[in-house]
Each structure stands twice: as C-alpha cells, then as structure tokens.
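K.L.:
Heads up: the sequence lines are chains A and B, in that order.
Counting in this note's numbering, the first sequence runs from 1 upward without gaps.
Counting in this note's numbering, the second sequence runs from 1001 upward without gaps.
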Amino acid sequence: MAPLAGRRAPGPAGTEASLIARAQAGDVGAFERLSGAYADRLFMLLLRLLGERGEAEDVAQEVMLRAWRGIGGFRGTSSYFTWLYRIAVNEANRALERRGRRPPSVPIGPDELRLPGPATDDPSRQAEFNELRRALARALAELPPALRTAIVLRDVEGLSTQEAAEIAGVGQAAFKSRLHQARMRVRAAIGDEALVTSGG
Amino acid sequence: MGVPSRSDDHQWSQQHLSHYVEGELGLRARRRLDRHALGCVDCGRGTKAMRALVYAVQGLDGLAGVRAPATIFDRVRLATSGGSPSAQDV
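#1: Counting C-beta neighbours from all protein chains within 10 Å, is the total for Gln172 (chain A) 16 or more, i.e. buried, or is it exposed?
#2: According to DSSP, is Gly169 (chain A) part of a helix, a strand, or is it coil?
#3: For Ser78 (chain A) and Glu16 (chain A), which I take to be in contact (beta-carbon distance under 8 Å), what is that distance rounded to the nearest angstrom?
#4: Short of 8 Å in beta carbon distance, which residues of its chain neighbour Ala139 (chain A), apart from the five on each side in sequence? Order them along the chain.
#5: At the 9 Å Cβ level, is Asp1074 (chain B) part of the contact set with chain A, yes or no?
#6: Where do the N-terminal and C-terminal ends of the alpha helix (DSSP H) with Arg145 (chain A) fall, by residue?
#7: Does the beta-carbon distance from Arg183 (chain A) to Asp155 (chain A) come in below 9 Å?
#8: Beta carbon of Ala21 (chain A), beta carbon of Trp68 (chain A): below 9 Å?
#9: Grouping DSSP H, G and I as helix and E and B as strand, with all else coil, what is Val1066 (chain B)?
#10: Pick out whichever of A:Asn90, A:Val196 and A:Phe175 has its Cα sitting closest to the Cα of Ala60 (chain A).
#11: Would you check if the distance between the CB atom of Met1050 (chain B) and the CB atom of Leu1017 (chain B) is smaller than 9 Å?
#12: By a C-beta neighbour count over all protein chains shown, 10 Å radius and 16 as the cutoff for buried, is Gly100 (chain A) buried or exposed?
#13: Which class does His1016 (chain B) belong to by DSSP, given the choice of helix, strand or coil?
#14: Going by the beta-carbon positions, is the gap between Asp192 (chain A) and Val1066 (chain B) smaller than 9 Å?
#15: Any idea if Ala1070 (chain B) is buried or exposed, counting beta-carbon neighbours within 10 angstroms, 16 or more meaning buried?
#16: Ala1037 (chain B) to Leu159 (chain A), Cα distance in whole Å?
#17: Please check the pair Leu84 (chain A) and Leu42 (chain A), which I expect to be a contact at CB under 8 Å, by giving their CB distance rounded to whole angstroms.
#18: When DSSP labels each residue in this structure, what does Ala37 (chain A) get in the three-state scheme?
#19: In angstroms with no decimal places, state the Cα-to-Cα distance between Leu263 (chain A) and Thr149 (chain A).
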C-alpha cells in the first residue's frame, strides 16, 4: 500500500501556503489548483463512502463549493488536505442521511478491489481469494457510515489514527473504538477460517 | 488488584485484537494477550484473522485509476461568476 499516494503538494509555481493565501483573497484559479491536487483522491473517497458514481460526483461538487465558501475561515490548525477531507466526510454523511438508507449492497465491485494476489497459480487458491474479495466488498458495504468511514480512512486510505480521527471529527480514543468495531464486524461477516486460509 | 481470571483475559483479548495488530498495546498488555492466545484457540485464530483482514483491506488501492470528474469545480465557477469567498463555516 502507498498510504499517501495521490496526495501531492501543488507544483513549483505556488506553494500550498501561497495558494491558500491567494484563494482566501478570492483567486479562484489558486483555489482550483490547491484543491485540484487532491481531487482524484477525494473523489475516490466519496465513491467508497457513497458507492454510487452519480451521487459521488454531485457530492464532490458540493464539497468544493463548501471548501471555496469556507476557505476564508481556514486557519491552518490542520493541513489543508485534512480540512478538505473532513468536509468530504461530512458531506458524504449528509448525503447518506438524505438518502435514508445504507450504501448499495456492493458499492465497491470486486474488479475495483486491488488486493495483492496470492502467490500461486493454483486455480482453487485463486478461487478462494476471489471469494474473499467479494465477501470483503459485501462486508464493507454493510457497515454503518461511521464505522465504514473509520475503516476506509485508516485501512484503505492509510491515514494515521490522529489524522483519520481529525477528519472523522472525533477524538482518537473514539476513533479507535469505531475502527475496532468496524474490523470486528467485517471479521465476523467473513469468518476467521476464510480470512486465515484465503488472505494469508 | 487480583490476578485476572481466564474469562477476564478472553474478553479483554477479544476487545483488544484491533489494537494488538496495530502494535498499539504496551509490553505488558501485549504479553497478556500473547499468553492468553497460546492457550485459547479462538483468540489465537482471532489474531491471525485480524492480521489477514487488515492486510486485505489495506490492499485496496486508494486511487485505483479513478479520476475526479471534470465538473468538480462547476459549482465553484458558477458561484464565482460574481464574488469572492466569505469566511463562513463549512
């Protein structure tokens, strides 16, 4: 895993701090450059949390609008990335509340799961592994939003506990508790036998 | 404080499997779980299963080649056809 893949600082023509200052002064080009550096990763996060491309696109636009409207109040107490991600998680949760239901049954299709493959050409081993991928996708989709957010931020996105907790808007102890609950639910849904025999 | 019973250890171990695989337990707590898992099939398998689970979930590619839609700044552009950002909360 590359925990910080896709998280790149804006290029040489403008440091992040200068882009923030320019955006706060009303330079929309600077804002787009600043936020565009995180757009792909932010969109993937929304896809994972919401499970529907159309809805993720709608929410992504709303996230950028809220970020633009709120950037005047950004004080730099967290990184810009953390601040932007927090808006995204809040907007995803609002969308889920509006939707009034959980994400679709399998929002992350097995083909989108980039699990490292088993070191074998054995067809039966490969079949076990594919079944684990499907079970994992189903189990993640069934999690309530808060638990799903915890496991996506920490385990899929590879953020530190501190950063993930900040984005989720809870303290580290509460975040660890959510993460533990999420993992235990997924573990229970998949089963220890399947995890140990297929995942190792 | 008394010595914890086996059932106390079992419940405690199950509650700390996630922290165990994160490496967040202190030395004493880690030894307590290791000691218990040696004699408990459920917890021994649980530590392996939790490790396998975290490994599998971590294997999900954070980007997987997905690109943000070109329309992502459309509402910002619409909003800025006439003004600069305010300092309102988000």
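Cβ coordinates follow ideal geometry from the N, Cα and C atoms, glycine included.
Since this is a predicted model, take the numbers as computed values, not measurements.
P.N.:
Short version:
#1: Position 172 of the first sequence holds residue 172 (chain A). Result: exposed.
#2: Here residue 169 (chain A) refers to the residue found at position 169 when the first sequence is read from its first residue. Reduced to three states, the DSSP call for Gly169 (chain A) is coil.
#3: Against the first sequence, residue 78 (chain A) aligns to sequence position 78. Against the first sequence, residue 16 (chain A) aligns to sequence position 16. That belief does not hold up - the Cβ atoms of Ser78 (chain A) and Glu16 (chain A) are roughly 13 Å apart, past 8 Å.
#4: To locate residue 139 (chain A), count along the first sequence from 1; it is residue 139. The answer, listed in chain order, is Arg185, Val186, Ala189 and Ile190.
#5: Mapped onto the second sequence, residue 1074 (chain B) falls at position 74. Taking Cβ atoms only, chain A reaches closer than 9 Å to Asp1074 (chain B), which makes this a yes.
#6: As a first step, residue 145 (chain A) is located in the first sequence; it is residue number 145 there, counting from the start. In the sequence under discussion, the amino acid at residue 145 (chain A) is Pro, which differs from the Arg named in the question. It spans Pro145 to Ile151 - the alpha helix (DSSP H) in which Pro145 (chain A) sits, taken as one unbroken run.
#7: Within the first sequence, the letter at position 183 stands for residue 183 (chain A). Within the first sequence, the letter at position 155 stands for residue 155 (chain A). Going by C-beta atoms, Arg183 (chain A) is nearer than 9 Å to Asp155 (chain A).
#8: For this step, residue 21 (chain A) is matched to residue 21 along the first sequence. For this step, residue 68 (chain A) is matched to residue 68 along the first sequence. No, the Cβ-Cβ distance between Ala21 (chain A) and Trp68 (chain A) is not below 9 Å.
#9: For the purposes of this step, residue 1066 (chain B) is taken as residue 66 along the second sequence, with counting starting at 1. Val1066 (chain B) falls in the coil class under three-state DSSP.
#10: Numbered from 1 along the first sequence, position 60 holds the residue referred to as residue 60 (chain A). Here the closest residue by C-alpha is A:Asn90.
#11: For the purposes of this step, residue 1050 (chain B) is taken as residue 50 along the second sequence, with counting starting at 1. For the purposes of this step, residue 1017 (chain B) is taken as residue 17 along the second sequence, with counting starting at 1. A contact, by the Cβ cut-off of 9 Å.
#12: Here residue 100 (chain A) refers to the residue found at position 100 of the first sequence. By the neighbour-count rule (16 or more Cβ atoms within 10 Å), Gly100 (chain A) is not buried but exposed.
#13: Here residue 1016 (chain B) is taken as the residue at index 16 of the second sequence, counted from 1. DSSP places His1016 (chain B) in coil when its eight states are reduced to three.
#14: As a first step, residue 192 (chain A) is located in the first sequence; it is residue number 192 there, counting from the start. As a first step, residue 1066 (chain B) is located in the second sequence; it is residue number 66 there, counting from the start. The answer is no: Cβ separation not under 9 Å.
#15: Translated into positions along the second sequence, residue 1070 (chain B) becomes position 70. Looking at its Cβ environment, which holds fewer than 16 other Cβ atoms inside 10 Å, Ala1070 (chain B) is exposed.
#16: The residue you call residue 1037 (chain B) lines up with position 37 of the second sequence. The residue you call residue 159 (chain A) lines up with position 159 of the first sequence. Taking the straight line from one Cα to the other gives about 29 Å.
#17: Here residue 84 (chain A) is taken as the residue at index 84 of the first sequence, counted from 1. Here residue 42 (chain A) is taken as the residue at index 42 of the first sequence, counted from 1. Indeed they touch by this definition, with Cβ atoms about 7 Å apart.
#18: Counting from one through the first sequence, the residue named residue 37 (chain A) turns up at place 37. The answer is coil: DSSP assigns Ala37 (chain A) none of H, G, I, E or B.
#19: Outside the displayed range of chain A (1 to 200) lies residue 263 (chain A), so it cannot be described from this structure.
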